[in-house]
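Okay, structure first, notes after.
Protein chains: 2
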Amino acid sequence: MSRKDQIEQKATALFKAHGFTATSMRDLAHALGIEAASIYSHIRSKEEILQRICFRMAEEFFEGITAAVSEEGTAVDRLKNAVAAHVAVLTRNTEAAAVFLHEWRHLSEPFLLEFLEMRDRYEAHFRAIIRSGIHNGEFKVPDEKFAALTILSSLNWIHTWYKPEGKMSAQEIADSLSAMLLNGLRNN
Amino acid sequence: MSRKDQIEQKATALFKAHGFTATSMRDLAHALGIEAASIYSHIRSKEEILQRICFRMAEEFFEGITAAVSEEGTAVDRLKNAVAAHVAVLTRNTEAAAVFLHEWRHLSEPFLLEFLEMRDRYEAHFRAIIRSGIHNGEFKVPDEKFAALTILSSLNWIHTWYKPEGKMSAQEIADSLSAMLLNGLRNN
DNA sequence: CCTACCGATCGGTAGG
DNA sequence: CCTACCGATCGGTAGG
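Pasting the structure below:
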């Protein structure tokens, strides 16, 4: 692993643990066992690290959803695939996922704008699945946008408790969540 | 409104907008039209402001859930009441709710520990409702804790878009969310 | 509530 | 990758 990757990995852990602003370059240097000034041989600025984390995660989410929605099938199937893809990205790197979800607001322009546009395009894939399910009678929900955001919100807390060594696999988590979201709590 | 309340209100808005760490006492003073040093006539420290916001919101959530679970009824009814109470607190003060949800980790000990204990006791009320619903056959869910956290997660994104002047009232939002969570997306 | 100020720390650069 | 250092800013205090 290159020094640059090591910097990014340590920074990801610290950004998740204490937040971007509360993490100093000296904290990061200490975790790497070098001096703060030395970090700048590999990266241009503190924010560049955040940019790399946020946009790399965004790419991973897009790759997942693109594969999920390209398959044919019912809206139920496509939603299950989308949920599974989202959970897979979240669980593959929980630290980067947490930074992606909570620290993006410290991006400066024009990166912030680009980030928000990407996020909206991502959410649009979920809205489209909901919409098609409403149209063909598979789903019954009050509002397409409302439903899409509720789904994503219920997925995005996973990083707070998921452990790779835990008893549930990413696919099992995705299946449980899909079942809850599709069928509800009620014992029909 | 007392000066102390004004300070807390402005701080809440700034903490939500930029985060606790990224908000300086000079930013806060500027928003109030006074000098940074003057703030310390009313509060002891920057963190004290955060403590007051977080624990006041915690109290409000507890008041809501206590009233909701004290009523008799089915697990479905009690869950609807709990969701409505939670949404009511979230929508009554979206800025303080956002700070409560995202900035609590900047509390120092022993406040952090106390905060996390309170949060767990709050979540336990939701777990208890789910559990009783499972036992009497109203609910069918894979895991009680999993279900409770999914519910709370799907509620806690409201602060990102709720506007008091919007077309949906807090009760309508709560009803839509309860319906989605109880019945699922599927058109049964 | 202000002026004046404290020591500490910030992100980052120069030069080797 | 280090030493040495920059100007800016931080939370907070003294004294009025």
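Protein chains in written order, with my numbering: chain A, 301 to 488; chain B, 301 to 488.
C-beta: ideal position from N, C-alpha, C; glycine also.
Note that the coordinates shown come from a computational prediction; the quantities given were computed from them, not determined experimentally.
Jot down the residue ranges of each uninterrupted alpha helix (DSSP H) in the segment 391-434 of chain B, minimum 4 residues, whole runs only, in chain order.
The segment 391-434 of chain B contains these whole alpha helix (DSSP H) runs: 394-402.
Between the beta-carbon of H342 of chain B and the beta-carbon of I365 of chain B, is there less than 7 Å?
For the purposes of this step, residue 342 of chain B is identified with residue 42 of the second sequence, where counting begins at 1. For the purposes of this step, residue 365 of chain B is identified with residue 65 of the second sequence, where counting begins at 1. No. Outside cutoff.
Where does R352 of chain B sit, in a helix, a strand or coil, going by DSSP?
Here residue 352 of chain B corresponds to residue number 52 of the second sequence, with the count starting at 1. In the structure shown, R352 of chain B sits in a helix (DSSP, three-state: H, G or I).
For L401 of chain B, which residues from the same chain have a beta carbon less than 8 Å from its beta carbon, with the 5 sequence-adjacent residues on both sides left out?
For the purposes of this step, residue 401 of chain B is identified with residue 101 of the second sequence, where counting begins at 1. Counting only Cβ-Cβ distances below 8 Å, and skipping sequence neighbours, we find N456 and H459.
Touch check for the segment 437-448 of chain A and the segment 344-359 of chain A: three-plus C-beta pairs under 8 Å?
The segment 437-448 of chain A, when compared against the segment 344-359 of chain A, does not touch it at the 8 Å Cβ threshold.
Tell me which residues of the segment 433-447 of chain B have at least one Cβ-Cβ distance to chain A shorter than 8 Å, keeping chain order.
Per Cβ criterion, the list reads G433, G437, E438, F439, K440, V441, P442, D443, F446 and A447.
Apply the 10 Å Cβ neighbour rule to N488 of chain A and answer buried if 16 or more other Cβ atoms are within range, or exposed otherwise.
Locating residue 488 of chain A in the first sequence gives position 188, where the first residue counts as 1. Counting Cβ neighbours within 10 Å, N488 of chain A comes out exposed, since fewer than 16 surround it.
Are there 16 or more other CB atoms within 10 angstroms of the CB of S454 of chain A, so buried, or fewer, so exposed?
In the first sequence, the residue the question calls residue 454 of chain A occupies position 154. By the 10 Å Cβ count, S454 of chain A comes out buried.
Applying the criterion that 16 or more other CB atoms from any shown protein chain within 10 Å of the CB defines a buried residue, is G466 of chain A buried or exposed?
As a working note, residue 466 of chain A is residue 166 in the first sequence. Exposed, by the Cβ-count rule.
Looking at chain A, is there any beta carbon in it that lies within less than 7 Å of the beta carbon of M480 of chain B?
Counting from one through the second sequence, the residue named residue 480 of chain B turns up at place 180. Taking Cβ atoms only, chain A reaches closer than 7 Å to M480 of chain B, which makes this a yes.
Is the beta carbon of A397 of chain A closer than 7 Å to that of L390 of chain A?
Here residue 390 of chain A is taken as the residue at index 90 of the first sequence, counted from 1. Here residue 397 of chain A is taken as the residue at index 97 of the first sequence, counted from 1. Contact: yes.
According to DSSP, which residues form a beta bridge with R326 of chain A?
Start at 1 with the first residue of the first sequence, and residue 326 of chain A comes out as number 26. R326 of chain A is not bridged to any residue.
I'd like to confirm the pairing. Which residues does DSSP put opposite R489 of chain A in its beta bridges?
Within the shown structure, residues of chain A are numbered from 301 to 488, placing residue 489 of chain A beyond reach of any answer.
State yes or no: is the C-beta of A375 of chain A within less than 7 Å of the C-beta of G433 of chain A?
The sequence position of residue 375 of chain A within the first sequence is 75, counting from 1. The sequence position of residue 433 of chain A within the first sequence is 133, counting from 1. Yes; because the gap between Cβ atoms is below 7 Å, this pair is in contact.
Just the Cα atoms here: how many angstroms apart are F411 of chain B and L477 of chain B?
Translated into positions along the second sequence, residue 411 of chain B becomes position 111. Translated into positions along the second sequence, residue 477 of chain B becomes position 177. Answer to the nearest angstrom: the Cα atoms are 32 Å apart.
Using a Cβ cut-off of 7 Å (strictly closer), state whether W457 of chain A contacts chain B.
Along the first sequence, one-based indexing puts residue 457 of chain A at 157. So, interface residue.
For a quick check, are the C-beta atoms of A313 of chain B and E395 of chain B less than 7 Å apart?
Translated into the one-based positions of the second sequence, residue 313 of chain B becomes position 13. Translated into the one-based positions of the second sequence, residue 395 of chain B becomes position 95. Yes, Cβ-Cβ distance for A313 of chain B and E395 of chain B is below 7 Å.
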